[in-house]
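Sequential numbering of the sequence shown, starting at 1, is according to UniProt numbering.
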Amino acid sequence: MADSLDYVKICESCPPGDGWGPSVTTETTLNGIPYAPFSKGDKLGRMADWTAEGKDRDRGRSQYNRNYRDQQAYGASHAITFNAPPAEDESTFSLVSNTRDSTKSRFGRGAVFTRGGRGQRGGRGDTRGGRGGQFQRSGASRQGYDRGGRSNTGARGRRFGWKDYDKPARNRDASINIKADWELLEEIDFNRLAKLNLDADEGEDLEDYGFLYYYDRSFDKQPVKGAEKKLTAIDRAAYNVTTSSDPVIQELAEKDVATIFATDTILSMLMCSPRSVYPWDIVIVRQGNKIFLDKRDNATLDMVTVNENAADAPLDAADGGKDSINQPPALAEEATYINHNFANQVVNESETSKVNMSQANPFYNSSEDTDPPASKAYKYRKFDLSTNEEEPVYLVVRTEVDAVQKGAAGGEDQLVTIRALNEFDSKAQGSGGALDWRSKLVTQRGAVVATEMKNNSCKLARWTVQSILSKSDIMKLGFVSRVNPRSNDKHVILGVVGWKPRDFANQMNLSLSNGWGIVRTIADMCLKREEGKFVLVKDPNKSILRLYEVPAGSFDEEDDHEDEQEGEEEAEDNE
Numbered sequence: 001m002a003d004s005l006d007y008v009k010i011c012e013s014c015p016p017g018d019g020w021g022p023s024v025t026t027e028t029t030l031n032g033i034p035y036a037p038f039s040k041g042d043k044l045g046r047m048a049d050w051t052a053e054g055k056d057r058d059r060g061r062s063q064y065n066r067n068y069r070d071q072q073a074y075g076a077s078h079a080i081t082f083n084a085p086p087a088e089d090e091s092t093f094s095l096v097s098n099t100r101d102s103t104k105s106r107f108g109r110g111a112v113f114t115r116g117g118r119g120q121r122g123g124r125g126d127t128r129g130g131r132g133g134q135f136q137r138s139g140a141s142r143q144g145y146d147r148g149g150r151s152n153t154g155a156r157g158r159r160f161g162w163k164d165y166d167k168p169a170r171n172r173d174a175s176i177n178i179k180a181d182w183e184l185l186e187e188i189d190f191n192r193l194a195k196l197n198l199d200a201d202e203g204e205d206l207e208d209y210g211f212l213y214y215y216d217r218s219f220d221k222q223p224v225k226g227a228e229k230k231l232t233a234i235d236r237a238a239y240n241v242t243t244s245s246d247p248v249i250q251e252l253a254e255k256d257v258a259t260i261f262a263t264d265t266i267l268s269m270l271m272c273s274p275r276s277v278y279p280w281d282i283v284i285v286r287q288g289n290k291i292f293l294d295k296r297d298n299a300t301l302d303m304v305t306v307n308e309n310a311a312d313a314p315l316d317a318a319d320g321g322k323d324s325i326n327q328p329p330a331l332a333e334e335a336t337y338i339n340h341n342f343a344n345q346v347v348n349e350s351e352t353s354k355v356n357m358s359q360a361n362p363f364y365n366s367s368e369d370t371d372p373p374a375s376k377a378y379k380y381r382k383f384d385l386s387t388n389e390e391e392p393v394y395l396v397v398r399t400e401v402d403a404v405q406k407g408a409a410g411g412e413d414q415l416v417t418i419r420a421l422n423e424f425d426s427k428a429q430g431s432g433g434a435l436d437w438r439s440k441l442v443t444q445r446g447a448v449v450a451t452e453m454k455n456n457s458c459k460l461a462r463w464t465v466q467s468i469l470s471k472s473d474i475m476k477l478g479f480v481s482r483v484n485p486r487s488n489d490k491h492v493i494l495g496v497v498g499w500k501p502r503d504f505a506n507q508m509n510l511s512l513s514n515g516w517g518i519v520r521t522i523a524d525m526c527l528k529r530e531e532g533k534f535v536l537v538k539d540p541n542k543s544i545l546r547l548y549e550v551p552a553g554s555f556d557e558e559d560d561h562e563d564e565q566e567g568e569e570e571a572e573d574n575e
């Protein structure tokens, strides 16, 4: 008992604050800053979340709701201590309107979510909204929408990749048989080709051959409905001789005028190769320090493709194409026929008013050719593809011009290239969503041309490049359609539209410097090798170019072998 009394006396004699634990104080601030006292009921779910009490009250939940008890903040019960004091002049403000703004009035800049589709401005397709101007139901181009007015991301329209598994597999055959003894030198994908660039000059004229008739301007007038002019077959001698067989190019090569020689048909295919889908091939021959870009006989380069770049291109018979006249080979043959006859029909064949070049047609032989020559001028032009002055590289190309027309206000004659687009059936498979030309060509010509640019990007790019290479002033595009969609042997001319080639190239986003970069790159690949023969092949099913080195004379043997097979088949048929 004495011991316990002594302990009490000792504790009472100790001054306050000298014992264990924190000192006792009645202050509620620490250096002037209020602090919340510790409570065992407080949780440490979030550190110093002073807004938790307000959130819970707004949501209609108790602070200690058991579903959210682990999310209570330490000191939350005293969070009101830290609220800023109300301003003294706050009482001077009065409420003017308590009407809430509609949530539909603003989502970004004028975009309104309506049942018309995501991103459409306004309840109707033609209402104005925000700063975006006017969004039309006919397909005004906007982010998330393609040119056809279909949404790639919204609720309406076909999603990208939707039901792609239903599409038939396209297994096209190569344009040439790859032999086992061919050596693969390079493999270039289109992404690499699209990054190449080389600026070249506008070229200079070396020589010109042939003659030109004047273009018939009556075709520029819109024909009366039901009275369109029929496309007629006009037999005229036209030539597309390959590079190494051209006598003029052979003479220029002997004079060492250039390093690279080509024709506009072959060169345009190479320059526009990143846009191509169908298979093709170019034969490249190196003789000494010279490069000749050639084509094989009956090559696909001579054929005019149809809807090659369409998302749903025409189907071959092997891929499920049901209508034989709408399969790619038949359409190409039809388009080639149309282009040949259209160019002959839209000129005035007058011997008194034709324009003669400095020399006659180098390919026409009056003793052998029964048909008269077509209106055609062959211009041999030279371009500088040098990258430095120490190693100059020049290219000579044979270009073609189809007609000539009087300039405005009695000016100089203008050179004209003539091509034709053809419509087979706007409702058939492979039409690429094309509009009906008979009803839309006059009222919606821009939409018709835009669709053709999308479906025939490679073909139109090649025609534009050929027009620029020849330095033509005008490129005439005819719109030719079948009289009956079920028959491919009768056609009518629905209209002709003219463009300046460089303006048309800008509309197509066509870069000539990219084309020149491709030509120079392929030429350098061959120049660093020994003399020989090469083949540049477009993969039939992939966006890839492959360069092979082939034995000399391999194509001659192939031609002879094919002739032997044809002879054997004829003999079997006769038996």
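In this text, a Cβ means the ideal position worked out from N, Cα and C, and glycines have one as well. Please read all numbers here as calculations on a predicted model, not as lab measurements.
Note that the C-beta distance between residue 501 and residue 464 is below 8 Å.
Assigned with DSSP and collapsed to three states, residue 280 falls in coil, not helix or strand. Beta bridge pairing from DSSP links residue 544 with 189. Ranked by how close their Cα comes to the Cα of residue 231, the residues 487, 346, 217 have 346 in first place. The continuous stretches of beta strand (DSSP E) do not include residue 182, and DSSP gives it neither H nor E. Residue state for residue 178 is assigned as coil, using DSSP reduced to three classes. One Cα belongs to residue 523, the other to residue 427, and the distance between them is close to 44 Å. Residue 292 and residue 257 have their C-alpha atoms roughly 13 Å apart. Ranked by how close their Cα comes to the Cα of residue 364, the residues 283, 240, 300 have 240 in first place.
Close CB contacts of residue 201 within its chain, under the 6 Å cut and outside five residues either way in sequence, are with 384 (chain order).
Between the C-alpha atoms of residue 277 and residue 353 there is a straight-line separation of about 42 Å. A residue is called buried once 16 or more other Cβ atoms fall within 10 Å of its Cβ, and residue 263 is buried on that count. By the criterion of a C-beta distance shorter than 6 Å, residue 393 is surrounded in its chain by 259, 385, 386, once the five residues flanking it on both sides are discounted. Here DSSP, grouped into helix, strand and coil, assigns residue 231 to coil. A distance below 6 Å between beta-carbons, with the five flanking residues on each side excluded, links residue 550 to the following residues of its chain, in chain order: 182, 533, 535.
With contacts defined as CB atoms closer than 8 Å, residue 375 and residue 403 qualify as a contacting pair. Between the alpha carbons of residue 366 and residue 237 lies a distance of about 10 Å.
Considering only 261, 274, 414, 235, the residue with the shortest C-alpha distance to residue 217 is 414.
Minimum Cα-Cα distance from residue 435 among the listed residues 479, 468, 396 corresponds to 479. In this model, residue 422 and residue 306 are separated by some 8 Å (Cα to Cα). Considering only 298, 190, 221, 459, the residue with the shortest C-alpha distance to residue 546 is 190.
Within 10 angstroms of the beta-carbon of residue 222 lie fewer than 16 other beta-carbons, which makes it exposed.
By the neighbour-count criterion, in which 16 or more other beta carbons inside 10 Å mark a residue as buried, residue 282 falls on the buried side.
Look at residue 294 here: in three-state DSSP terms it is strand.
Residue pairing by DSSP places residue 499 opposite 475 in a beta bridge.
Listed in chain order, the alpha helix (DSSP H) elements of length 4 or more contained wholly in the region 390-475 are 437-440, 445-455, 457-469.
In this model, residue 288 and residue 511 are separated by some 31 Å (Cα to Cα). A straight line joining the alpha-carbon of residue 388 with that of residue 471 spans about 25 Å. Cβ-Cβ separation between residue 417 and residue 401: approximately 6 Å, consistent with a contact (criterion under 8 Å). It is roughly 42 Å from the alpha-carbon of residue 377 to the alpha-carbon of residue 180. 8 Å or more divides the Cβ of residue 193 from the Cβ of residue 469. Around the beta-carbon of residue 331, 16 or more other beta-carbon atoms lie within 10 Å, marking it buried. Counting the other Cβ atoms within 10 Å of the Cβ of residue 399 gives 16 or more, which makes it buried. Contact annotation: residue 314 and residue 175 have beta-carbon atoms that are not nearer than 8 Å. Under DSSP, the beta-bridge partners assigned to residue 207 are 380. The closest CA to that of residue 188, considering only 555, 552, 537, 553, is found on 537.
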